[in-house]
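Just so you know, the sequences run in chain order R and S.
Residues in the first sequence are numbered from 1 upward in steps of one, following the working numbering.
Residues in the second sequence are numbered from 1 upward in steps of one, following the working numbering.
There are 2 protein chains.
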Amino acid sequence: MTALRPLRPSSKVLPVDARGHNRSLVLQTLYREGSRSRADIARETALTRVTVSALVAELISDGLVVELGQREETRPGKPATLLDLDRSAFVIVGLDLSEHSVFTGALLDLDGAISARAEVALDGSTGDEAVAKVVALAEQLIGQATAPVLGIGVGSPGVVDLGGVVLSAPNLGWNGMPLQSILADRFGVPVLVANDANAAVLAEHSFGGADSDAMLITIGHGVGAGLLLGGTPLFGSRFAAGEIGHVVVGTDGGAVCACGKRGCLETWLSIPNLIDRLEGEQGAARTAVLQEAGQRLGIALAPVVGALDLSEVILSGPTDLLDGPLMAATVETLRSRTMAEFHGSLTLRMTTLGPDIVLRGAAVMVLSGQLGVS
Amino acid sequence: MTALRPLRPSSKVLPVDARGHNRSLVLQTLYREGSRSRADIARETALTRVTVSALVAELISDGLVVELGQREETRPGKPATLLDLDRSAFVIVGLDLSEHSVFTGALLDLDGAISARAEVALDGSTGDEAVAKVVALAEQLIGQATAPVLGIGVGSPGVVDLGGVVLSAPNLGWNGMPLQSILADRFGVPVLVANDANAAVLAEHSFGGADSDAMLITIGHGVGAGLLLGGTPLFGSRFAAGEIGHVVVGTDGGAVCACGKRGCLETWLSIPNLIDRLEGEQGAARTAVLQEAGQRLGIALAPVVGALDLSEVILSGPTDLLDGPLMAATVETLRSRTMAEFHGSLTLRMTTLGPDIVLRGAAVMVLSGQLGVS
DNA sequence: TCATGTTTGTTAGTAAAGCTTACGAACTTA
DNA sequence: TAAGTTCGTAAGCTTTACTAACAAACATGA
Numbered sequence: 001m002t003a004l005r006p007l008r009p010s011s012k013v014l015p016v017d018a019r020g021h022n023r024s025l026v027l028q029t030l031y032r033e034g035s036r037s038r039a040d041i042a043r044e045t046a047l048t049r050v051t052v053s054a055l056v057a058e059l060i061s062d063g064l065v066v067e068l069g070q071r072e073e074t075r076p077g078k079p080a081t082l083l084d085l086d087r088s089a090f091v092i093v094g095l096d097l098s099e100h101s102v103f104t105g106a107l108l109d110l111d112g113a114i115s116a117r118a119e120v121a122l123d124g125s126t127g128d129e130a131v132a133k134v135v136a137l138a139e140q141l142i143g144q145a146t147a148p149v150l151g152i153g154v155g156s157p158g159v160v161d162l163g164g165v166v167l168s169a170p171n172l173g174w175n176g177m178p179l180q181s182i183l184a185d186r187f188g189v190p191v192l193v194a195n196d197a198n199a200a201v202l203a204e205h206s207f208g209g210a211d212s213d214a215m216l217i218t219i220g221h222g223v224g225a226g227l228l229l230g231g232t233p234l235f236g237s238r239f240a241a242g243e244i245g246h247v248v249v250g251t252d253g254g255a256v257c258a259c260g261k262r263g264c265l266e267t268w269l270s271i272p273n274l275i276d277r278l279e280g281e282q283g284a285a286r287t288a289v290l291q292e293a294g295q296r297l298g299i300a301l302a303p304v305v306g307a308l309d310l311s312e313v314i315l316s317g318p319t320d321l322l323d324g325p326l327m328a329a330t331v332e333t334l335r336s337r338t339m340a341e342f343h344g345s346l347t348l349r350m351t352t353l354g355p356d357i358v359l360r361g362a363a364v365m366v367l368s369g370q371l372g373v374s
Numbered sequence: 001m002t003a004l005r006p007l008r009p010s011s012k013v014l015p016v017d018a019r020g021h022n023r024s025l026v027l028q029t030l031y032r033e034g035s036r037s038r039a040d041i042a043r044e045t046a047l048t049r050v051t052v053s054a055l056v057a058e059l060i061s062d063g064l065v066v067e068l069g070q071r072e073e074t075r076p077g078k079p080a081t082l083l084d085l086d087r088s089a090f091v092i093v094g095l096d097l098s099e100h101s102v103f104t105g106a107l108l109d110l111d112g113a114i115s116a117r118a119e120v121a122l123d124g125s126t127g128d129e130a131v132a133k134v135v136a137l138a139e140q141l142i143g144q145a146t147a148p149v150l151g152i153g154v155g156s157p158g159v160v161d162l163g164g165v166v167l168s169a170p171n172l173g174w175n176g177m178p179l180q181s182i183l184a185d186r187f188g189v190p191v192l193v194a195n196d197a198n199a200a201v202l203a204e205h206s207f208g209g210a211d212s213d214a215m216l217i218t219i220g221h222g223v224g225a226g227l228l229l230g231g232t233p234l235f236g237s238r239f240a241a242g243e244i245g246h247v248v249v250g251t252d253g254g255a256v257c258a259c260g261k262r263g264c265l266e267t268w269l270s271i272p273n274l275i276d277r278l279e280g281e282q283g284a285a286r287t288a289v290l291q292e293a294g295q296r297l298g299i300a301l302a303p304v305v306g307a308l309d310l311s312e313v314i315l316s317g318p319t320d321l322l323d324g325p326l327m328a329a330t331v332e333t334l335r336s337r338t339m340a341e342f343h344g345s346l347t348l349r350m351t352t353l354g355p356d357i358v359l360r361g362a363a364v365m366v367l368s369g370q371l372g373v374s
């Protein structure tokens, strides 16, 4: 197999960079496969036992890896010393800024399990005031930490660049807000900030079993999406990938949107709009409203699914509204509007991670950025 | 700036791999910037002069780089010895299998300039017979080569996997045809096979000035697309990325397609269908047909442009039909159906590379795969 | 004119990374 | 008890890119 190399080798690579890569490889093996011996790791990574020993020694002295003792299993040869990630050695602070009236946060261990929670009401704060609430939330969580903080991951609404600057988040009044550097300066730990839907799709990949080409649609006050292509998050040319809420759907009009256009996806699908249209409706009428919303989502997604050859589309939002006639209509519409060969392999489902999906995605960002693990 | 690392470090990295990367970096600098001295390259790559000297010595002994003599410009210090890629040291064989009734091929130099052409009529051949014609075409071109062949690049219709197996190309009757290994075994040189539209978007990126997030739409007997995201071609979960010809457009019916659905993009936009509908039409009626086709393209592209945050969409096909009312209608439709903030930076244009775009894209694949250059 | 400074490309030596080879330790099996 | 197996480590080697230093070849200013 001859794959294309990256088109633009952007900077030099020193031996030490290769070492970092191999170190992550060892860490990744332990993270995913659980307790292994040095010899096991050598076999799985194709590195030699000698090299693995050296890398493991480094990881042990960094406090990331611990020896568990000898393997119980009885077989010929010297018993292996089992190793594992010290999953309680560090905690991760995850922050979810995507909800409309509250910032939520949590302490997570290296497996993404939540050990403490906190939240702060937004009370209509915007701008620096909203930033102060983010800082306070992080401070409160760090105060509860029982282990060193590996890093802070933040899922923010709006458009976020690769340096963690929130270029635009209308609801919070942020325009070019350097959230990453503010938090990094304040707390002195690594900080990673990304769009909430991007964080969510990472969580779904790491913890929800989504494969490497997936799209996650977040349906709430607005409608957004996070894309994972070939295992890599997509950011887009101006970091606005996934902003599909204001794409017009269909060729037959629709309601007027806050953005001025008519028939935007949000007018069909956002939760406030859905609830408005469901007001007082029962039975078949209710089903019809949900089906129409699902059809509209399918119409909007069909070209994207076809162009990207996605194998998995995941919905995140209120289950009572989404998981039923709406999702069924979306699947049906997608099937009737894309090529037959897609039907077998395209799956559409709800997220399995529930409302913590952004928090856990924020943790994945830290795991990925700091340890090269996910 | 803290970017996310690749999520899955897939294999170990040895120092020798880093060396290969740096070697490509030097090559890339010479390829893009033209004649430079060793010291210039060191400054641009951040490698030391010593390291660059060693890499350059290797490249000279491989016949890829030549010394041009001393720099003319008068300035203090010892005069620099200028280097350049020996752009005539190798030739590339490019093959375009995307046309309906003929396979075309060319010899290209390292700059992508065409020095010889050949073609072979398809005469309705399919299956192994069609493969034999590909082999004959390659053989004829290799026979004309005046320098060693760096590799063979092939742009094929249909779905092509990363190993150069054509999984499905209905017109050619290929299902799982291992074109890469057939050609590699036959000619003993590196062979790279990809979908024609993927090849085309690579050409547009390297030679046509397209930026790193672009989509190229090929409009001919069918309608397809190649996607470049963050400078990397997108293949999709089943190597079928870009297959948009049979996505249904709009919510108001349309003509019945060969695939059985109604209103597929191809029924609006493929050249045979367009010509049918233009039959006998003049003036405003002709314009109306073209505008409607353009609108349909815009409707199909809007969700993709929004979801991927594309900055550039390029059309490839017959200029007389595409470059006029059709393209104007596509732009207008895209603008009216996506967010206002896209309008400033989204450009839609015809390719500047004409009918050789796939041949040149095939050359880019070889340059990228063999030299890490593009 | 001539000393000084600048730039280039190379030589010599060093540090880091992962490799191969070899070995002792600890266990199972015949 | 001897032989075989597996684990982890030690010693030495090769490769890589680095720093330091230098000669060559030029420009510039006193």
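Glycine residues also receive a C-beta, built at the ideal position from the N, C-alpha and C atoms.
Within-8 angstroms CB hit, residue i to chain R
| i | result |
| --- | --- |
| residue 12 of chain S | yes |
| residue 109 of chain S | no |
| residue 222 of chain S | no |
| residue 241 of chain S | yes |
| residue 250 of chain S | yes |
| residue 213 of chain S | yes |
| residue 3 of chain S | Here the model assigns residue 3 of chain S a pLDDT of 33, short of 50, so the residue's position is not dependable, and the following value carries that caveat. Interface residue, yes. |
| residue 59 of chain S | no |
| residue 201 of chain S | no |
| residue 309 of chain S | yes |
| residue 300 of chain S | yes |
| residue 46 of chain S | yes |
| residue 238 of chain S | yes |
| residue 130 of chain S | no |
| residue 157 of chain S | no |
Neighbour-count burial assignment, residue i, 16 or more Cβ in a 10 Å radius
| i | result |
| --- | --- |
| residue 149 of chain R | buried |
| residue 9 of chain S | With a pLDDT of only 46 at residue 9 of chain S, under the threshold of 50, the placement of this residue in the model should not be trusted; the figure read from the coordinates follows. By the 10 Å Cβ count, residue 9 of chain S comes out buried. |
| residue 4 of chain R | In this prediction, residue 4 of chain R scores a pLDDT of 36, lower than 50, which makes its location untrustworthy; no coordinate-derived value is stated. |
| residue 279 of chain R | exposed |
| residue 154 of chain S | buried |
| residue 50 of chain R | exposed |
| residue 333 of chain S | buried |
| residue 37 of chain S | buried |
| residue 46 of chain R | exposed |
| residue 249 of chain R | buried |
| residue 272 of chain S | exposed |
| residue 101 of chain R | exposed |
| residue 365 of chain R | buried |
Local conformation of residue i per DSSP, three classes
| i | result |
| --- | --- |
| residue 171 of chain R | helix |
| residue 143 of chain R | helix |
| residue 5 of chain R | Unreliable placement is indicated for residue 5 of chain R, whose pLDDT of 35 sits below 50; the coordinate value is still reported in the next sentence. The answer is coil: DSSP assigns residue 5 of chain R none of H, G, I, E or B. |
| residue 262 of chain R | strand |
| residue 287 of chain R | helix |
| residue 349 of chain S | strand |
| residue 357 of chain R | helix |
| residue 238 of chain S | coil |
| residue 15 of chain S | helix |
| residue 39 of chain R | helix |
| residue 312 of chain S | strand |
| residue 206 of chain S | helix |
Beta carbon proximity, residue i to chain S, threshold 8 angstroms
| i | result |
| --- | --- |
| residue 177 of chain R | no |
| residue 304 of chain R | yes |
| residue 314 of chain R | no |
| residue 35 of chain R | no |
| residue 338 of chain R | yes |
Segments assigned alpha helix (DSSP H), at least 4 residues, entirely inside the region 44-118 of chain R: 49-61
Proximal residues, the region 86-98 of chain S versus chain R, C-beta separation under 9 angstroms: none
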